[in-house]
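Undergrad: Would you mind keeping the following structure in view while I ask a few things?
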Amino acid sequence: MSLAKDTKILIIGAKGMLGQDLALIFNDYNLTLWDKDEIDITDEQQVDSKIKELNPKIIINCAAYTDVDGAETNQAIAMQINAEAVGFLAKVAKEIKATILLISTDYIFDGTRKQGYTEDFAEFKPLNVYGESKLKGEELLKQYTDNYYIIRTAWLYGKNGNNFVETMLKLGHEKDQLKVVNDQYGKPTFTIDLAQQIRYILDNKLPFGIYHITNETTESEGISWYEFAQEIFKQAEIEIDLQACSSDEFPRPAKRPPYSSLINTKLPQLRKWENALEDYLANS
Ligand SMILES: NC(=O)c1ccc[n+]([C@@H]2O[C@H](COP(=O)([O-])OP(=O)(O)OC[C@H]3O[C@@H](n4cnc5c(N)ncnc54)[C@H](OP(=O)(O)O)[C@@H]3O)[C@@H](O)[C@H]2O)c1
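Take the sequence shown: its letter number 184 is residue 198 in the numbering used here, and every next letter is one higher.
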């Protein structure tokens, strides 16, 4: 039996890049959209009282501290939003018997497995504070409730947020030459495709647990940021002297995993990343 259309769904982080596309994809459900103005998820009392009053059947949490480099210096805030607050949400979800869905990341892994990571791979070694905080969030969720979905995804881009595709398009118009790193591999993911796959999980009431959702690449290791940039410029018909470089040439506060490809063994595959990119560029 599929999910009833009058099911009350709460999306938190609804003004974020993914949150806005989820709101679009779930717009025929009984939706409540909250962001920072409506709820501060780091305030346990607020989380408890506001969510109990609303009494949703499903809580989708997209709210997060997503500045990967910023997290290195704002460790406490990243931990509060990405970890502690998830515990608050999970506790209240359990009390009101709601299902809770958390968006997590490939950055919980150390990125040494070229062949990628399946859902049940459990050696977590985040290389940065953001990854650590998201992993702790997963752990707290599991600790407080059984009725959860953990959705791990990667390299998101969508119409409503700063993302790599937009950065490349901007730089492509400003510069004649550009260097992009060619030693970090992953799977780019269009937020609309991710939102549709989340809807598939909820609509079909799939078993609780961990799911990996990304657009697909031909090689299981994924693609590099350099290859991603190459395709963006090709599809957008921007002429630029694009050069591959190593991460050492671009030191950043947070270390990134070299290979963090998420392998999906549970869901129908999403379309190829090139096709998703084409769709994004045509409609943004
Ligand atoms: N972006 C990626 O490449 C990527 C990759 C893998 C996984 N993810 C995960 O996917 C999810 C969605 O990412 P996104 O890029 O769509 O995020 P985003 O655009 O940064 O949106 C997050 C939203 O949460 C809000 N928020 C922050 N702190 C809050 C709080 N204390 N209470 C309530 N709301 C709060 C933010 O408000 P402000 O903007 O005002 O702070 C923002 O509207 C996150 O869980 C992220 O970790 C993202």
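Every residue gets a Cβ at the ideal spot worked out from N, C-alpha and C, and that includes glycine.
Does the Cβ of E146 have 16 or more other Cβ atoms within 10 Å, making it buried, or fewer, making it exposed?
TA: Buried: at least 16 other Cβ atoms inside 10 Å.
Undergrad: Where does I157 land, buried or exposed, given buried means 16+ other C-beta within 10 angstroms?
TA: According to the sequence as given, residue 157 is Gln; it is not Ile. Classification for Q157: exposed.
Undergrad: Tell me, please, whether the segment 106 to 117 touches the segment 129 to 146 by the rule of three or more beta-carbon pairs shorter than 8 angstroms.
TA: With a cut-off of 8 angstroms, the segment 129 to 146 and the segment 106 to 117 do not count as touching, because too few Cβ pairs lie within range.
Undergrad: Just to confirm the assignment, what range does the beta strand (DSSP E) spanning S234 have?
TA: Here S234 belongs to no beta strand (DSSP E), and DSSP marks it neither H nor E.
Undergrad: Cβ of W287 versus every heavy atom of ligand 1: is any distance shorter than 7 angstroms?
TA: Flag unset: Cβ of W287 not near ligand 1.
Undergrad: Any heavy atom of ligand 1 closer than 7 angstroms to the beta-carbon of M182?
TA: It does not: the Cβ of M182 is nowhere closer than 7 angstroms to a heavy atom of ligand 1.
Undergrad: Between which two residues does the alpha helix (DSSP H) harbouring G151 extend?
TA: 143 to 158 is the span of the alpha helix (DSSP H), which, as asked, contains G151.
Undergrad: Assuming the contact rule is C-beta atoms closer than 8 angstroms, K105 and I122 should be a hit. Round their C-beta distance to whole Å, please.
TA: Wrong, their Cβ atoms sit about 22 angstroms apart, outside the cutoff.
Undergrad: Is it buried or exposed for P70, if we count other Cβ within 10 angstroms and need 16 for buried?
TA: Buried.
Undergrad: Return helix, strand or coil for T21, following the three-state DSSP convention.
TA: It is coil, neither helix nor strand.
Undergrad: Does the contact criterion of 3 or more C-beta pairs under 8 angstroms hold for the segment 238 to 251 versus the segment 186 to 198?
TA: The segment 238 to 251 is in contact with the segment 186 to 198.
Undergrad: Cβ of E79 versus every heavy atom of ligand 1: is any distance shorter than 7 angstroms?
TA: According to the sequence provided, residue 79 is Tyr. The question's Glu does not apply to it. Yes, the beta carbon of Y79 sits closer than 7 angstroms to at least one heavy atom of ligand 1.
Undergrad: I need the boundaries of the beta strand (DSSP E) containing D255, first residue and last residue.
TA: 255 to 259 is the span of the beta strand (DSSP E), which, as asked, contains D255.
Undergrad: Just how far apart, CA to CA, sit D54 and G151?
TA: So the alpha carbons of these two residues sit roughly 16 angstroms apart.
Undergrad: Taking Cβ positions, are T205 and L170 nearer each other than 8 angstroms?
TA: Yes, the Cβ-Cβ distance between T205 and L170 is below 8 angstroms.
Undergrad: From the DSSP output, in three-state form, read off F11 for me.
TA: For the chain, the structure presents residues 15 to 298; residue 11 sits outside this window and is missing.
Undergrad: Check whether the Cβ of M93 sits closer than 7 angstroms to any heavy atom of ligand 1, and report yes or no.
TA: No - ligand 1 has no heavy atom lying nearer than 7 angstroms to the Cβ of M93.
Undergrad: For the segment 45 to 98, which segments carrying the beta strand (DSSP E) assignment without a break, of at least 3 residues, lie completely within its bounds, in sequence order?
TA: Correct list: 72 to 75.
Undergrad: Within 8 angstroms, do at least three Cβ pairs link the segment 220 to 228 to the segment 126 to 140?
TA: The segment 126 to 140 vs the segment 220 to 228: in contact.
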